[in-house]
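Just below is one structure, and these are the notes that go with it.
There are 2 protein chains.
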Amino acid sequence: MPLSYLEKNKKKNLNDLFKLISFPTVSAKSEHKPDMKSCAGWLKDHLNGIGFKAKVYPTGGHPLVYAEYLVDSSLPTVLYYGHYDVQPPQPLELWKTGPFKPEVRDGYIYARGATDDKGQTWCQIKGLESVIKATGTLPINVKFLIEGEEEVHSANLPQWLKKNKKMLKADIAVVSDTAQFSKTLPAVTFGLRGIASCEVFVYGPNRDIHSGSYGGAVGNPVNILCQMVGQLHDKNNKIAIPGFYQNVKKIDAWEKKQFKKLPYNEAAYKKDIKVNALHGEKGYTTYERTWVRPTLDVNGIKGGYQGEGAKTIIPSMASCKITMRLVPNMTAKEACDKLEKYL
Amino acid sequence: MPLSYLEKNKKKNLNDLFKLISFPTVSAKSEHKPDMKSCAGWLKDHLNGIGFKAKVYPTGGHPLVYAEYLVDSSLPTVLYYGHYDVQPPQPLELWKTGPFKPEVRDGYIYARGATDDKGQTWCQIKGLESVIKATGTLPINVKFLIEGEEEVHSANLPQWLKKNKKMLKADIAVVSDTAQFSKTLPAVTFGLRGIASCEVFVYGPNRDIHSGSYGGAVGNPVNILCQMVGQLHDKNNKIAIPGFYQNVKKIDAWEKKQFKKLPYNEAAYKKDIKVNALHGEKGYTTYERTWVRPTLDVNGIKGGYQGEGAKTIIPSMASCKITMRLVPNMTAKEACDKLEKYL
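Protein chains in written order, with my numbering: chain A, 153 to 495; chain B, 153 to 495.
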């Protein structure tokens, strides 16, 4: 039985996962290029060792690992996606143990990549391995794509996908970069919101000028940026950009029903992030707001003097970074164009 | 004649001014404490040398220089105010010559303190000296107060003033920390707007949270701060805080008339700060807006991610620094209280 195989090999599998995690595969830092290469090679060897036909593919950036276990062309084919690169582990002083020295504490693995996404990818590899070992084969064809640039916008992936379209042909694709709903409730994630990013700059005088001498006569870029951002939501917390919701796919009845079935503990949700109240689009539940409705958030803003004490200036410029979360039938270009026109 | 005395001693007076400027009297930096002391001592000696009775007074912070030239108690007494401390000269890389190595280029002295306020104070000292030298005395009693903490909020001045109230008694006070109207038009400044400063903090979740996972359900401190700041002005660019103008002194007819007599070149004004249009309270001229009307400017704002590229977060907090310029009959407390209530 696959499960008993997993139980029997628990220690070895955990050790191998620790080995996978211990590669410091920070894709954003060029000094980790050798680690990226080593990790990709290790993954390839491991997949070959359990019966896959695996290969490392170079790209314009970090290499990716592709592996196949093809049983019979009449069977359905599943394409798994995962990534072996991780976010930078800074700030280091907040780690109790090294970010690449995995350790189990209270039943959790503490290390960068234990989740997002080495852990999830590992679960799927080990799950498939257990079926192969217990039954001698798989009931489906499996293709595995594990990239090394997910945390740096997958810059080289689209080109590689296009080039290898035929090899990747599959009936279904599974993204192994999602989460369980809770510790006791696994989840099949059937959609993730997209994203559109932009940056807004407001320029005023050619230099920071004295707010005592000029204040009242010259437009202040920070005040004006705030007015611009302030009008992006209306009183019901809907996005006030004209036509923003025009193409938004309505929530299906079955989705609404499924969402309602999920446990929801607003008190715990609020407690986790220490807020007194939630704040979102009127007429929608928290799950609807975060899963199937588009949103607009300023991720950062800056302008003028930010140091200690006061500095009486009208700043020369102000800027902010905005991302919008998109849902089916919206495009990033459309969202950005409408935002730009409105501003 | 006083003027011919000045003409004859031009070189010596310029050299002495250069000496005064060359003390790096940055009151904000404690490493300049010895420079502050040296400069105050030099000023005292110089004033004693031209006939004043001068003394350095220690305060809780940097010392101040007080000097008197008392002719006759039946004559009117003028109290001059100036300061010998300066703003930090950073960023140093933008100086063509050292900030404390004065140099004349194209008829201007380039150095920190050439204006604001060593230059202005020097003009008044030398003006008085020229009359003393040419006529043997002064037609008025003169008191001189030159402090060393103007750029750091004059923290110790009020206490010293209170303690020395009797000594400072005067019929008129002249602040020598203002400007000419233009190169060819001297000015008697009869009023300066006051100031009220505050800082606004908006707190959201206890940490930066992922805008993909939480976006739409949780209030974003930057968006909310922008909404708060965005509503501080109305469509006519009046400050929208209820009751803000309640106690504001109306412009007197004679002021309005005097302002109108002054040359005003809007094209040059705009060109100097490189803006395409001015932006201020409806119904007022530029001089009225900058001299006798209260204003509100955000001097700096920050929140969330400000580095390169995007970071998809709902920031844990956002803040901004606001200063309001006040006119007669307003108080800082009143302005801040009304702002706080409105926000």
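Glycine residues also receive a C-beta, built at the ideal position from the N, C-alpha and C atoms.
Under three-state DSSP, which class holds A:N293? Residue mapping note: residue 293 of chain A aligns to position 141 of the first sequence, counting from 1. In the structure shown, A:N293 sits in a strand (DSSP, three-state: E or B).
How is B:L231 classed by DSSP in three states: helix, strand or coil? Taking the second sequence and counting its residues from 1, the one referred to as residue 231 of chain B is at position 79. The answer is strand: DSSP assigns B:L231 an E or B state.
Cutoff 9 Å: B:C488 Cβ touching any chain C Cβ: The chain inventory of the structure shown lacks chain C, comprising the protein chains A and B.
Does the structure place the stretch 373 to 388 of chain B close enough to the stretch 369 to 377 of chain A that three or more beta carbon pairs sit under 8 Å? yes
Bridge partners of B:D449, per DSSP? Working through the second sequence from its first residue, we reach residue 449 of chain B at position 297. Partner(s): B:T475.
Which residues, in chain order, does the stretch 425 to 442 of chain B contribute to contact with chain A at a C-beta distance below 7 Å? I425, K426, V427, L430, H431, G432, E433, T438, R441, T442
Using the three-state DSSP reduction, which class does A:A337 fall into: helix, strand or coil? Here residue 337 of chain A refers to the residue found at position 185 when the first sequence is read from its first residue. Before going on, a small fix: residue 337 of chain A reads as Leu here, not Ala. Note: A:L337 maps to strand in three-state DSSP.
Using a Cβ-Cβ distance under 9 Å, would B:A405 count as near chain A? As a working note, residue 405 of chain B is residue 253 in the second sequence. No - not a single Cβ of chain A is within 9 Å of the one on B:A405.
Between B:R359 and A:T267, what straight-line distance do the alpha-carbon atoms span, to the nearest angstrom? Along the second sequence, read from residue 1 onward, the residue named residue 359 of chain B stands at position 207. Along the first sequence, read from residue 1 onward, the residue named residue 267 of chain A stands at position 115. Computed Cα separation, rounded: 19 Å.
Cβ separation of B:Y218 and B:K207, assumed to be a contact under 8 Å, to the nearest whole Å: Counting from 1 along the second sequence, the entry for residue 218 of chain B is found at position 66. Counting from 1 along the second sequence, the entry for residue 207 of chain B is found at position 55. Correct: roughly 6 Å between the Cβ atoms.
Say whether chain B places a C-beta atom closer than 9 Å to the C-beta of A:D329. In the first sequence, residue 329 of chain A corresponds to position 177, counting from 1. Chain B contact via Cβ: absent.
Where B:A348 and A:K422 are concerned, what is the direct C-alpha to C-alpha distance, given to the nearest angstrom? Here residue 348 of chain B corresponds to residue number 196 of the second sequence, with the count starting at 1. Here residue 422 of chain A corresponds to residue number 270 of the first sequence, with the count starting at 1. So the two alpha carbons sit approximately 36 Å from each other.
Strictly by DSSP, which residues pair up with B:M188? Here residue 188 of chain B is taken as the residue at index 36 of the second sequence, counted from 1. The partner list for B:M188 (beta bridge, DSSP) is empty, contrary to what the question assumes.
Excluding the 5 residues flanking B:G364 on each side, which residues of the same chain have their C-beta closer than 8 Å to its C-beta? Counted from its first residue, the second sequence places residue 364 of chain B at position 212. The residues are T464.
For the alpha helix (DSSP H) holding B:V283, just list the boundary residues, first then last. Within the second sequence, residue 283 of chain B is the residue found at index 131, counting from 1. Residues 270 to 287.
Tell me which same chain residues have a C-beta within less than 8 Å of the C-beta of A:N388, skipping the five on either side of it? Along the first sequence, read from residue 1 onward, the residue named residue 388 of chain A stands at position 236. These residues qualify, in order along the chain: E433, K434, G435.
Return the residues of the stretch 384 to 399 of chain A that lie within a Cβ-Cβ distance of less than 8 Å from chain B, sorted by chain order. L384, H385
Just verifying my parser: in three-state terms, what is the DSSP assignment at B:H198? Locating residue 198 of chain B in the second sequence gives position 46, counting from the first residue. The answer is helix: DSSP assigns B:H198 an H, G or I state.
Which chain B residues sit within Cβ distance under 7 Å of A:K257? Taking the first residue of the first sequence as position 1, residue 257 of chain A is located at position 105. Note on identity: in this sequence residue 257 of chain A is Arg, with Lys being the wrong assignment. Chain B residues near A:R257: none, gap ~20 Å exceeds 7 Å.
Suppose only complete runs of 3+ residues qualify. What are the beta strand (DSSP E) ranges in the stretch 407 to 461 of chain B, listed by chain order? 447 to 456
Considering just the uninterrupted stretch of the alpha helix (DSSP H) at A:F170, what are its terminal residues? Along the first sequence, read from residue 1 onward, the residue named residue 170 of chain A stands at position 18. Residues 162 to 174.
DSSP puts A:H385 in a beta bridge; with which residues? On the first sequence, position 233 is the one that residue 385 of chain A refers to. Beta-bridge pairing links A:H385 to A:I391.
Closer than 9 Å, CB to CB, is B:C191 near chain A or not? Along the second sequence, read from residue 1 onward, the residue named residue 191 of chain B stands at position 39. Cβ-Cβ to chain A under 9 Å: no for B:C191.
With 16 other CB atoms within 10 Å as the buried threshold, where does B:E245 fall? Taking the first residue of the second sequence as 1, we reach residue 245 of chain B at position 93. Burial call: exposed.
Using a Cβ-Cβ cut-off of 7 Å (strictly less than) and excluding sequence neighbours within five positions of A:P480, which residues of its own chain qualify? As a position in the first sequence, residue 480 of chain A is number 328, starting the count at 1. Closer than 7 Å at Cβ, skipping near neighbours: K401.
Would DSSP call A:L222 helix, strand or coil? Start at 1 with the first residue of the first sequence, and residue 222 of chain A comes out as number 70. In the structure shown, A:L222 sits in coil (DSSP, three-state: anything other than H, G, I, E or B).
CA-CA distance, A:V223 and A:R264? Stepping through the first sequence from its first residue, residue 223 of chain A is reached at position 71. Stepping through the first sequence from its first residue, residue 264 of chain A is reached at position 112. So the two alpha carbons sit approximately 35 Å from each other.
Once DSSP output is grouped into helix, strand and coil, what is the label at A:E301? Position 149 of the first sequence, counted from the start, is the residue given in the question as residue 301 of chain A. It is coil, neither helix nor strand.
On the DSSP letters alone, give me the boundaries of the beta strand (DSSP E) that B:K207 sits inside. The residue you call residue 207 of chain B lines up with position 55 of the second sequence. Element bounds for B:K207: 205 to 209.
Nearest residue (CA-CA) to A:Q276, options A:M380, A:D187, A:M153, A:H235: By 1-based counting over the first sequence, the position of residue 276 of chain A is 124. Nearest C-alpha to A:Q276: A:H235.
Cut-off 6 Å between Cβ atoms - residues of its own chain near B:D168, not counting five sequence neighbours on either side: Position 16 of the second sequence, counted from the start, is the residue given in the question as residue 168 of chain B. Hits under 6 Å: none found.
Please state if the CB of B:K181 and the CB of B:P215 are separated by a distance shorter than 9 Å. As a first step, residue 215 of chain B is located in the second sequence; it is residue number 63 there, counting from the start. As a first step, residue 181 of chain B is located in the second sequence; it is residue number 29 there, counting from the start. Cβ atoms of B:P215 and B:K181: not closer than 9 Å.
Would you kindly work out how many angstroms separate the C-alpha atoms of B:L195 and B:Y233, rounded to a whole number? Your numbering for residue 195 of chain B matches position 43 in the second sequence. Your numbering for residue 233 of chain B matches position 81 in the second sequence. Approximately 14 Å, taken between the alpha carbons.
Taking B:T483 as the reference, give the member of B:A429, B:Y397, B:K248 with the closest Cα. The residue labelled residue 483 of chain B in the question sits at position 331 within the second sequence. Minimum Cα distance to B:T483 is reached at B:Y397.
Assuming B:Y494 is part of the alpha helix (DSSP H), what are its boundary residues? Position 342 of the second sequence, counted from the first residue, corresponds to residue 494 of chain B. Unbroken alpha helix (DSSP H) run through B:Y494: 484 to 494.
Determine the DSSP secondary structure at A:I403, reduced to helix, strand or coil. Here the question's residue 403 of chain A lines up with position 251 in the first sequence. Three-state DSSP puts A:I403 in coil, outside helix and strand.
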